[in-house]
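A short write-up of the structure that comes next.
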Amino acid sequence: MTNLDTYPEDDTNYQTFRDCLFSAIVEKSSGAQASKKSTAAKRRQSRPVSHPSRTRDNNGPSADPSELADFSDYLSSEIFPSLPDALRSINHATIKFADPSNATYSLPLTLSTLEDLTSRLPPTVTDTLQAYSLISPPTSDTTSFLSPILSAYITSATTPPPAPSATRADHCELCERDWIPLTYHHLIPRSTHPRVLKRGWHPEADLQNVAWLCRACHSFVHRTIGNEELAREWFTVERLAGREDVQRWCRWVGGIRWKKR
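Residue 108 in UniProt numbering sits at position 108 of the sequence shown; the count goes up by one each step and never skips.
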């Protein structure tokens, strides 16, 4: 097992895992805020009001980004080194040339695999998740919390490189951070390609256009905009960057700094 204090922070897979964990925490944080606002709104419905009040859009978390970054970094440093070597070093080649009879980390992960991975974690992980209301046994537990994070991590770490025509950027094309791993976002989502061609929304040559985004921005885009709307309305970086909610998000996430331990 890798020592927590000596694990190399410049390891690309560690950075990828940390970004996936951070995105999951941000999503849960945003969802919790939306739920609280909805409950508060229902309570206010029975009260007479003299003036309409404007409620701020919940397009981004209001938590201090540095606090969320520190928390995500701490959890990553507890979880990632506890994972098996094969999972920590997974990449496109290891999946491509893996023996089909031993495809332990092929997606979707089986429940037995997830439970095995969870059993390797130090007890402090579950304690922390429960203390911060990220899990609520028996409704949700560490295994269910970790499942989408591991799936996102494996997807990011094993995604094959894009076509040579797609020029790799050296920074996220939305938030412009240049010190974190990048993923490529299909500006016209692949699931919409048949419909796009059938309805003539875009020429076939444009279907492979990509934008290089950090994991946090990539997750935000797909969490906020449906695939068909992306294909029809938000199919360039310039269009995405012009959205008010994207601009607010980028200002917020741009404050994230990973501290050296």
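Here a beta-carbon is modelled for each residue, glycine too, at the ideal position from N, C-alpha and C. Fair warning: this is a prediction, and the values are worked out from it, not measured in the lab.
Would you give the residue range spanned by the beta strand (DSSP E) that residue i belongs to?
i, result
"H186", "182–186"
"L213", "210–214"
Expressed to the nearest angstrom, what Euclidean distance is found between the alpha-carbon atoms of residue i and residue j?
i, j, result
"A211", "A205", "15 Å"
"C250", "G242", "11 Å"
"E78", "V125", "7 Å"
"H202", "W234", "12 Å"
"G143", "T183", "Reading the sequence as shown, one finds Thr at residue 143 and not Gly. Cα to Cα, T143 sits roughly 25 Å from T183."
"R190", "G254", "28 Å"
"H193", "E229", "13 Å"
"P61", "S76", "Note on P61: pLDDT 45, under 50, position unreliable in the model; no value is reported."
"H185", "R120", "33 Å"
"N209", "R239", "14 Å"
"K28", "D73", "16 Å"
"C217", "V26", "11 Å"
"R18", "L68", "12 Å"
"L83", "R199", "46 Å"
"D127", "I149", "18 Å"
"F145", "L134", "8 Å"
"F80", "V221", "26 Å"
"V237", "I225", "14 Å"
"A93", "D85", "15 Å"
"T139", "E244", "36 Å"
"P123", "N227", "39 Å"
"L109", "W179", "30 Å"
Could you tell me the boundaries of the alpha helix (DSSP H) in which residue i lies?
i, result
"T113", "111–119"
"Y105", "Looking at the DSSP string, Y105 is not in any alpha helix (DSSP H), and its letter there is neither H nor E."
"C172", "C172 -> no alpha helix (DSSP H), and no H or E assigned at all."
"Y132", "Where Y132 is concerned, there is no enclosing alpha helix (DSSP H), given that its DSSP letter is neither H nor E."
"P84", "Looking at the DSSP string, P84 is not in any alpha helix (DSSP H), and its letter there is neither H nor E."
"N71", "The sequence given here has Phe at residue 71, not Asn. 65–79 is the extent of the alpha helix (DSSP H) around F71."
Residues in the same chain with beta-carbon distance under 8 Å from residue i, minus the five sequence neighbours each way, listed in chain order, please.
i, result
"Q130", "S136, P137"
"R232", "W201"
"Q247", "A241"
Under 9 Å between the Cβ atoms of residue i and residue j?
i, j, result
"I90", "A169", "no"
"T114", "S147", "First, the amino acid is wrong: residue 114 is Leu here, not Thr. Yes. Within cutoff."
"Y132", "F71", "yes"
"R223", "T16", "no"
"L207", "V196", "yes"
"L117", "L87", "yes"
"C20", "A103", "no"
Less than 8 Å between the CB of residue i and some heavy atom of the ligand MG, yes or no?
i, result
"D170", "Looking for the ligand MG in the displayed structure turns up nothing, as the structure carries no ligands at all."
Excluding five sequence neighbours on each side, which residues of the same chain lie with their C-beta closer than 6 Å to the C-beta of residue i?
i, result
"S219", "S23"
"D141", "I135"
Quick one: residues in its chain with C-beta nearer than 7 Å to the C-beta of residue i, no 5 flanking neighbours on either side, listed in chain order?
i, result
"R177", "H171, C214, G254"
"residue 305", "Residue numbering for the chain in the displayed model covers 1 to 261; residue 305 lies beyond these limits and cannot be assessed."
"R257", "S66, A69"
"I154", "I90, Y105, L107"
"P160", "H92"
Give the list of continuous alpha helix (DSSP H) stretches no shorter than 4 residues that lie fully inside the segment 140–165. 142–158
Completely contained alpha helix (DSSP H) runs for the segment 195–245, where each covers 4 or more residues: 215–224, 227–233, 237–241
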